[in-house]
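Student: The sequence shown begins at 3 in this note's numbering and counts up one residue at a time.
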Amino acid sequence: MQFCKINFFVFLVTWITVFSFAKASQVPHSRPRNH
Numbered sequence: 003m004q005f006c007k008i009n010f011f012v013f014l015v016t017w018i019t020v021f022s023f024a025k026a027s028q029v030p031h032s033r034p035r036n037h
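(1) Would you kindly work out how many angstroms separate the C-alpha atoms of residue 19 and residue 4, rounded to a whole number?
(2) Suppose you measure from the CA of residue 13 to the CA of residue 22; what does that come to, to the nearest Å?
(3) Given this structure, state the Cα-to-Cα distance separating residue 6 from residue 17, to the nearest angstrom.
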């Protein structure tokens, strides 16, 4: 039971991280990037 809870938490965190990364990657697309 606890394993399923942890698995869900990890999945949620991973999804949020991917979503945030994709959003952050889209931001510099709108304006010139400074590398």
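The beta-carbon is built from N, C-alpha and C at its ideal position, and this holds for glycine as well.
Remember, it's a predicted structure, so these values are computed and weren't measured experimentally.
Tutor: For this structure:
(1) 22 Å
(2) 14 Å
(3) 16 Å
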